[in-house]
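Novice: Everything in the sequence shown is counted per this note's numbering, starting at 74 for the first residue and increasing by one.
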Amino acid sequence: MHHQLSEQHEMIRESVRRFAEKEIAPHAERLWEEEAFPYSIWKQAGELGFTGLPYPEAYGGGGGDWLGFTIVLEEIARVDCAVAVSLMANSTAASLLANYGTHEQKQRYLRPILDGSQVGCIGLTEPNAGSDAANIQTRAVLRDGRWLINGSKTFISNSGSEVTGPVVIAAVTGTRPDGRKEISNFIVPDGTPGFTYGKKLRKIGWRGSTTFELFFEDCAVPADHLLGEMGAGLKQTLAQVSTGRILIGSLALGILQGSLERSLRYMKERSAFGKLLAEFQALQFKVADMATHAHAARLMLYDAAARKDAGQRFDQQASMAKLFATEKAMEAAHQAIQIHGGNGVMTEYPVSRAFGDAKVLEIVEGTSEIQRMIISRELLR
Ligand SMILES: Cc1cc2nc3c(=O)[nH]c(=O)nc-3n(C[C@H](O)[C@H](O)[C@H](O)COP(=O)(O)OP(=O)(O)OC[C@H]3O[C@@H](n4cnc5c(N)ncnc54)[C@H](O)[C@@H]3O)c2cc1C
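So, in structure tokens, the structure goes:
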């Protein structure tokens, strides 16, 4: 699929790689240790046009394509997954605003999350509704011209940072004739009275990306903060999920590539029993597998992204690419630690930090089990 990469895609790769190695790599360990959101890096990514690359120029985006954005995430995650996660989560909020927002909503809430002055979040998951997203409990009631929101969300990426802006949350607004919940999306700006944060969640991966619990207690937003049609919330969010799977797969590909390159470097430097590690066949086979998986994951992801850019169906390809890339990234992170021996479990070594990052990828945007359900359902249809 490399023949599909234009000169412009190669230029994107080059400029993101330069940015990631110069501006992110030197801070990656500190961000991991401090579990800090990289505000200054985020701003720079915005100035370089990475935060809004595939979004309309009319609202501050770059007017680029999704294949280009896939490359951006791959290259950033090759160096540090957490920064790439922030771009990915921001992009899901941006897609909802871009696809369903009014002109005013886009000016006010989309523009700042595309140009890097703010970061957006999406709040769907609740303590009792993750994979089973239709089971959310948070409610919104229209009272005196304002939506009154009550409930809670958990595991929300990009929340609680100093530049967090709009949070797009899903809430129950009624009951459908068939008895199912009617769910709508709302824009809740950070700082709205009645919207508070619970504890900052501490994680084994994605540590530089902030994750909080959100609480809504009689949190009132104006009537025009409903996003799109009433009752279309779950449909809107699920329509972004396949794109999100390409993006999570790109993060996995970055981890695969990073694990491979670090392993190769280490094997050429470190000796045991009077030989370089590179001379041991047991380790040679591990890097051969990593390179093979990275190549296959890249083809699958670029294919899914190119299909999206061409306006073709891509959900099945996105699920397969996400499933394959994330599981192979987990395997690569595991084997890269093995190749590094004791050093591999020291957190100053990026291969150790990639281990937790890879694990999260198998869970978010539809777990591996959910991807297998989707893929097999389509096969058996
Ligand atoms: C670091 C992090 C960041 C996140 N960021 C966000 C965010 O920004 N916004 C947001 O809304 N959410 C976010 N999430 C939530 C994420 O999307 C959910 O964790 C994910 O959807 C899984 O839901 P769950 O944790 O409730 O697990 P569950 O749904 O409880 O699943 C538990 C296990 O059961 C399995 N399982 C569930 N249903 C089935 C089934 N039908 N058949 C077979 N197996 C099944 C799952 O595969 C899994 O192995 C984040 C999560 C993490 C960890």
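Just so you know, even glycine gets a beta-carbon here, dropped at the ideal spot from N, CA and C.
Should Asp430 and Ile321 be called a contact, given that it needs their Cβ atoms to be closer than 8 angstroms?
Specialist: Their beta carbons are not under 8 angstroms apart, which means Asp430 does not touch Ile321 by this criterion.
Novice: To the nearest angstrom, how far is it from the Cα of Asp388 to the Cα of Glu404?
Specialist: Approximately 24 angstroms between the Cα atoms of the pair.
Novice: CA-CA distance, Gln385 and Asp376?
Specialist: Cα to Cα, the separation comes out at about 11 angstroms.
Novice: Taking all protein chains shown into account, decide if Tyr112 is buried (16 or more other Cβ within 10 angstroms of its Cβ) or exposed.
Specialist: It counts as exposed.
Novice: Start and end of the alpha helix (DSSP H) containing Ser38?
Specialist: With the chain covering 74 to 454 only, the question about residue 38 has no answer from this structure.
Novice: For the alpha helix (DSSP H) containing Thr284, list its first residue and its last residue.
Specialist: Counting along the chain, Thr284 falls outside any alpha helix (DSSP H), though it belongs to the beta strand (DSSP E) covering 284-295.
Novice: Does the Cβ of Cys292 lie closer than 7 angstroms to at least one heavy atom of ligand 1?
Specialist: No, since every heavy atom of ligand 1 falls outside the 7 angstroms radius drawn around the Cβ of Cys292.
Novice: Measuring CB to CB, does Pro295 end up less than 8 angstroms from Gly238?
Specialist: No.
Novice: Is the closest heavy atom of ligand 1 to the C-beta of Cys194 under 7 angstroms?
Specialist: Cys194: yes, Cβ under 7 angstroms from ligand 1.
Novice: Would a C-beta distance cut-off of 8 angstroms place Gly281 and Trp105 closer than the cut-off?
Specialist: Yes, Cβ-Cβ distance for Gly281 and Trp105 is below 8 angstroms.
Novice: What did DSSP end up calling Glu334 once you bin it into helix, strand or coil?
Specialist: Three-state result, Glu334: helix.
Novice: Is the beta carbon of Ser232 less than 8 angstroms from the beta carbon of Thr283?
Specialist: Closer than 8 angstroms, so yes.
Novice: Counting only runs of 4+ residues fully inside the region 326-405, write out the alpha helix (DSSP H) ranges in chain order.
Specialist: Counting only runs of 4 or more, we get 354-382.
Novice: Taking contact to mean at least 3 C-beta pairs separated by less than 8 angstroms, is the region 160-180 in contact with the region 327-345?
Specialist: Verdict: no, contact absent.
Novice: Would the beta-carbon of Ala378 fall within 8 angstroms of that of Thr143?
Specialist: Yes.
Novice: Using three-state DSSP, classify Glu199 as helix, strand or coil.
Specialist: Correct three-state label for Glu199: strand.
Novice: For Leu311 and Phe259, what's the separation of their Cα atoms in angstroms?
Specialist: Roughly 15 angstroms between the two C-alpha positions.
Novice: Do Arg212 and Asn223 have their CB atoms nearer than 8 angstroms?
Specialist: It is a contact, given that the beta carbons lie within the stated cut-off.
Novice: Less than 8 angstroms between the CB atoms is what I'm expecting for Leu307 and Ala207, so what's the real figure, rounded?
Specialist: The Cβ separation is near 6 angstroms, so the contact holds.
Novice: Would you check if the region 133-150 and the region 409-423 touch, i.e. whether three or more CB-CB distances between them fall below 8 angstroms?
Specialist: No, they do not touch.
Novice: Spell out whether any CB of chain D is found under 8 angstroms from the CB atom of Pro185.
Specialist: In the structure shown, chain D does not exist; there is a single protein chain.
Novice: Would Val192 and Ser168 qualify as a contact pair, given that the criterion is a beta-carbon distance under 8 angstroms?
Specialist: No, the Cβ-Cβ distance between Val192 and Ser168 is not below 8 angstroms.
Novice: Should Met84 be labelled buried (16 or more other beta-carbon atoms within 10 Å of its own) or exposed?
Specialist: Its Cβ having fewer than 16 others within 10 Å, Met84 is exposed.
Novice: How about Gly56 and Phe285: are their beta carbons less than 8 angstroms apart?
Specialist: Only positions 74 to 454 of the chain appear in this structure, which leaves residue 56 out of reach.
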